[in-house]
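> Residue numbers for the sequence shown follow this note's numbering, so the first one is 8 and each next one is one higher.
Glycine included, each C-beta is placed from N, C-alpha and C at the ideal position.
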Amino acid sequence: MGPHRSTACARPALRPLLWVFVVMYIGGLNALVPNEQKDSLVRTTPLALLGVQTTPLTTTSGSFEKSSFSCGNGGCEHYCSICRKFYLSKTDCYNALIPYLCSQQFQSDMNAMNSSSWCMWDKVNSPYNKLTKCTEDVADCLLIPWPNKLVEQIFVDMHTSFFQECPEETLRDPPPNVVFALVMTPICLIPAMVVLVVLKTKNGDRRS
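Put into structure tokens, the structure is as follows:
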């Protein structure tokens with residue numbers, strides 16, 4: 008009877024501990040849910056698009072310490088908070104953010120215009136500069152080098168998708184009169200410079 012009594016007494020004691028564990032687990036999951044008032048970026052970004060695992064015990068590159076994650080400045084906190092919340096390294100976080108924040112906006116801007124305008128620099132200048140600045144700003148916030156391999160690959164893919172069919176301007180030879188002027192000018196200057204040197208030398212000898 009002794010063992011049965013001890014087991015019966017232990018069961019009620021386990022129930023409060025179980026509820027404490029459930030509450031703590033739910034609280035941990037809620038901590039991963041973005042704050043709608045503080046971080047509109049996280050609120051509007053589907054986690055599936057970012058490729059982020061929401062399991063708090065899962066890391067992408069080994070151990071992760073929030074205290075060691077430095078951020079560029081105060082204006083970058085909305086980017087850095089994503090990396091901290093989902094335990095991403097700077098590189099992994101950058102690889103997840105850039106396609107959603109920068110590449111999709113560029114593709115949307117390009118698709119909004121006529122394909123015949125893709126080869127006109129005055130038309131694509133604004134989206135092109137926005138993409139460049141976006142990738143650079145996020146890199147500065149996460150304190151990683153720019154440009155980097157991801158940015159280079161993005162621009163290669165971008166040129167392949169939108170600018171591959173653009174005609175290349177062929178270089179033409181200058182007119183014959185321009186070529187003649189460029190060739191004869193130094194040829195004529197050489198004798199003139201020789202004469203000036205000789206005259207300068209003679210004047211120096213006379214004074215001495």
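(1) Quick one: complete alpha helix (DSSP H) runs, 4+ long, within the stretch 150-207?
(2) Quick test of your reading: Asp-147 and Gly-79, contact by CB under 8 Å. State the CB separation rounded to the nearest angstrom.
(3) Do the stretch 149-157 and the stretch 96-115 touch if we need at least three Cβ pairs shorter than 8 Å?
(4) Could you tell me the boundaries of the alpha helix (DSSP H) in which Leu-95 lies?
(5) Give the secondary structure of Cys-78 by DSSP, where H, G and I count as helix, E and B as strand, and everything else as coil.
(6) Could you name the residues of the same chain whose beta carbon sits closer than 6 Å to that of Thr-62, not counting the 5 residues immediately before and after it, in chain order?
(7) Rounded to a whole number of angstroms, what is the C-alpha to C-alpha distance between Met-165 and Ser-115?
(8) So Leu-138 packs on Cys-109, CB below 8 Å; how close in whole Å?
Looking at the coordinates:
(1) 156-165
(2) Counting from one through the sequence shown, the residue named residue 147 turns up at place 140. Counting from one through the sequence shown, the residue named residue 79 turns up at place 72. Their Cβ separation, rounded to whole angstroms, is 5 Å, which keeps Asp-147 and Gly-79 in contact under 8 Å.
(3) yes
(4) As a first step, residue 95 is located in the sequence shown; it is residue number 88 there, counting from the start. That residue, Leu-95, is in no alpha helix (DSSP H); it is neither H nor E in DSSP.
(5) Walking along the sequence shown from the start, residue 78 turns up at place 71. Three-state result, Cys-78: coil.
(6) Residue mapping note: residue 62 aligns to position 55 of the sequence shown, counting from 1. The pLDDT assigned to Thr-62 is 40, lower than 50, so where the model puts this residue is not dependable; a value taken from the coordinates is nonetheless given after this. For Thr-62, where only same-chain residues beyond five positions count, there are no Cβ hits under 6 Å.
(7) One-based indexing of the sequence shown puts residue 165 at position 158. One-based indexing of the sequence shown puts residue 115 at position 108. So the two alpha carbons sit approximately 12 Å from each other.
(8) For the purposes of this step, residue 138 is taken as residue 131 along the sequence shown, with counting starting at 1. For the purposes of this step, residue 109 is taken as residue 102 along the sequence shown, with counting starting at 1. With a Cβ gap of about 6 Å, Leu-138 and Cys-109 count as contacting.
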